[in-house]
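With mature numbering (1 follows the signal peptide of the UniProt record, and there is no 0) applied, the sequence shown covers -19 to -1, 1 to 735. Where is the CB? At the ideal position from N, CA and C, for every residue including glycine. To start, the structure itself, in structure tokens.
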Amino acid sequence: MRLVVCFLSLLTAFGPGKCGNVLVWFTEGSHWINLKIVLETLIDRGHNVTVLVPDASLFMHAKESDRFSYQPFNVSISAQDIEDSFEDFLHFSLYEMEQLNLLQIYIKFYQLFSKDLDLCFAYCDGTLKSRELMDKLQHGKFNVMLSDPIYPCSEALAEKLNIPIVYTLRFSIANTLERMCGQIPAPPSFVPGTMSKLTDKMSFTERIKNMLFYLSQDALAISLWKKVDKYYTEYFGRPTSFCEMTAKADIWLIRTYWDFEFPRPFLPNFKYVGGLHCTPAKPLPKDMEEFVQSSGDDGIVVFTLGSLVNNMTKDRSNTIASALAQIPQKVLWRYDGEKPDTLSENTRIYKWIPQNDLLGHPKTRAFITHGGTNGIYEAIYHGVPMVGIPLFGDQPDNLVHMKAKGAAVIMHFNSMQIQDLVDGLNAVINDPSYKENAMRLSRIHHDRPIKPLDETVFWIEFVMRNKVLVLDPSPFTKESNRFSYQHFSVYMTTQDMQDFLNELVHFSVYETDQLNLLQIQIKLYELASKHQDIGLSYCDGILKSPKLMDKMRNGKFDVVLSEPHFPCSDIVAEELNVPLVYTFQFSIAHIVERMCGQIPSPPSFVPAGMIKLTDKMSFTERIINMLFYLSQDAFAILVWKRMDNYYTEYFGRPTSSCEMMGKADIWLIRTYWDFEFPRPFLPNFKYVGGLHCTPAKPLPKDMQEFVQSSGDDGIVVFTLGSMIDKMPKETSNMIASALAQIPQKESFMAIRWR
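Pasting the structure below:
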């Protein structure tokens, strides 16, 4: 049967070659969730997939799928280190940033990213400095490497393996990585920097702001990337930069699409593949369906703040519950925290909800979301208007895109009052323009010559022509029986990674509002350093394991697939002499994409990632955008210095992480034009956003009953993502109070009440 699948693949997209070997670089979080969908499809098409898995990870689990071949490697960090770093970032974004000035925020960001980069170096060491692993990869006969350039070193590995690299990512702040490395043009005059929160309709002032945002993010990136440059230089034994290596990627797959993006110049090796996870809705569980149906004509509201936020303060939860009690719709709320005192009968709390299936339900009227890319794409896929409550990262900027396109309103998590949420819900539910705009975006998303998942696979096959593999940390192998997992040991624990994530989340959610820009940048640098520690642990676990390297060298791999957020996959690819494919969402200010992938990002019209600007920038916004690019570039250069030292030491010649990343053959970006603003693109950058989206399935019986009970008013889906598992009770109460004032029923998602 496998031979038949392989033969059919050859007759379709893979051409005159043969079923190949794909090497996948380690990644985390939603990056891994999106990547798995691609890997499963590659396997269905007859390819062999090997995933590099560190022995300390939060989301990658060996043997999660037996279809993958997992290649474990050891790292010098723990999962707690990663979680702590993430918690720092989250707390900073949510609770500190608003209290800081611009300089303090910049400094904090630098600190956070430096910590993160330190973690990444652990992954670089775990792969590139593991002789055993490198030997194994070099014998793996890989055809291509797939990775997300947010995590460095996948390009170094692709360089070593002499294989092309394909990147998959969402974005980097201010599109720093895409611009400086991927060379995609991003004129600041009309392309807003990612995360600048600007649109393509910018005033003169906004254009200046946009330009400054670009400049600042570029400066931040350059500063951080110096560490990676030093690492690469040491590893390769020659002057090598992270951006130089990243620029070698053949394809950049961007996980967004024109339904999300503003108009912008593009390059042929950049491909928008947003929505690749989206699928038609499936039937809901019986009890959920009954609840949905009980909504009647009012309909339902789906509510989730994501998987990272499962708790909030009692004040916040009561506020939310009070708001939900004031709408006629029934609400399905994904939340795992303490039940709000003000929770009304029209709202049901679930620890988990089938989000895609609920959004695809005909009774869904609105989606309350934190603005995560996956959730936004599912809403676009099904044409559901949104009430956005951004928390951290790219979420504020994502929702600016949706607001600019008339499909969403935006709330502020910490300052939102009951009436604010009620008014927002009433607006998107009762004003037909929001639904019309959401449906327009949905039509754009579906009216494509090729499905995003198929396009993602096509470009990977285009690059490799022959083969495929995946690297993964040992304690988590067997995540998928379809993968072949290769274990490797790291000198950190899962708790280390969890601690990092917790720190990142806490910083993003609770600290950023209290800090000035300088303090924020300092904190970000600390977090980036922690993340870099984790990354280097993985690097050591692979690169410094002779047994693992020998095994990989004998593995006849065709490609390395990784996310550039975690370093050293590029070194492994270099050692194995196989191509490298990156898969990721973005880097702040698109530092990795710009400086390493060489994608142009003119700050005059391309907003830097995470600047929360759009492609409609005023002059001031363009200046801000430019400064953001510069600051992030400087930040990256500073952080990357450590990576550069690592790479240089490993290769025995001056090598930079950006140089290694620049060698990636394909960059798969987990976004698409339906999400992104218009911008220049490169042919090796491909947008693959929404690859996880599927048609809605039937809801659970009780949930369906609640949804149906909403009647014509419908429902509102509310989630702040999977990383937010708690919030102050005051906040939750405020949200609930606001939801209580709309006719729709709400579904809350992913919050642990305390």
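Within the same chain, and ignoring the five residues on either side of D401 in sequence, the residues whose Cβ sits closer than 7 Å to its Cβ are M392 and A719. In this chain, P335 is not harboured by any alpha helix (DSSP H), its DSSP state being neither H nor E. Taking C-beta separations shorter than 7 Å and ignoring five residues to either side along the sequence, the partners of P724 in its chain run D279, I308, P309, Q310 and D694, following chain order. Fewer than three pairs of CB atoms, one per stretch, sit closer than 8 Å, so the stretch 109 to 123 makes no contact with the stretch 498 to 516. Looking at the DSSP output, M269 sits in a beta bridge with K682 and M684. Remark: fewer than three beta-carbon pairs, one from each stretch, lie closer than 8 Å, so the stretch 63 to 79 and the stretch 587 to 596 are not flagged as touching. Between L524 and G107, the gap from beta carbon to beta carbon is short of 8 Å. A straight line joining the alpha-carbon of P335 with that of Q685 spans about 11 Å.
In summary, K207 is buried, with 16 or more beta-carbon neighbours lying within 10 Å of its beta-carbon over all protein chains present.
Excluding five sequence positions before and after E113, the CB atoms of its chain that fall closer than 7 Å to its own CB belong to S526, P527, K528, L529, M530, D531 and K532, given in chain order. Contact check for T437 against V56 fails: the beta carbons are separated by 8 Å or more.
If you draw a straight line from the Cα of T328 to the Cα of C101, it comes to about 42 Å. With 16 or more other Cβ atoms inside 10 Å of its own Cβ, E630 counts as buried. Take the alpha-carbon of C549 and the one of I165: they are about 24 Å apart.
For the 8 Å CB-CB criterion, D210 and P545 do not form a contact. According to DSSP, residue pairing for R575 in a beta bridge involves C162. In this chain, the beta strand (DSSP E) harbouring S543 covers V540 to S543. With a 10 Å radius around the Cβ and a threshold of 16 neighbouring Cβ atoms, S612 comes out buried. Per DSSP, F94 is not a residue of any beta strand (DSSP E); the alpha helix (DSSP H) it occupies stretches across L83 to L109. Rounded to whole angstroms, S50 and C520 show a C-alpha spacing of 19 Å. By the Cβ neighbour-count rule, K332 is exposed, with fewer than 16 other Cβ atoms within 10 Å of its own. For the pair of segments examined, the stretch 623 to 643 was found to touch the stretch 569 to 582: the number of CB pairs separated by less than 8 Å reaches three. Cβ-Cβ distances below 7 Å link S690 to F272, Q274, S275, S276, G277, K311 and K726 in the same chain, with the five nearest sequence neighbours on each side left out; the list follows chain order. Taking C-beta atoms as the reference points, N606 and P244 fail to come closer than 8 Å. Nearest in C-alpha terms to P173, of all of E326, M161, M192 and I235, is M192. R429 counts as buried, since no fewer than 16 other beta carbons sit within 10 angstroms of its beta carbon. Within the same chain, A262, K263, L265, A677, K678, P679 and L680 come within 7 Å of D338 by CB-CB distance, once the 5 residues on both sides are set aside.
With a threshold of 16 other beta carbon atoms within 10 Å, D378 meets it and is buried. In this structure, the beta-carbon distance from I235 to L150 falls below 8 Å. As the crow flies, the alpha-carbon of S414 is around 53 Å from that of Y628. Short of 7 Å from the beta carbon of R346, and not among the five residues preceding or following it, lie these beta carbons of its own chain, in chain order: G280, I281, V282, Q310, I410, D694, G695, I696, V697 and Q725.
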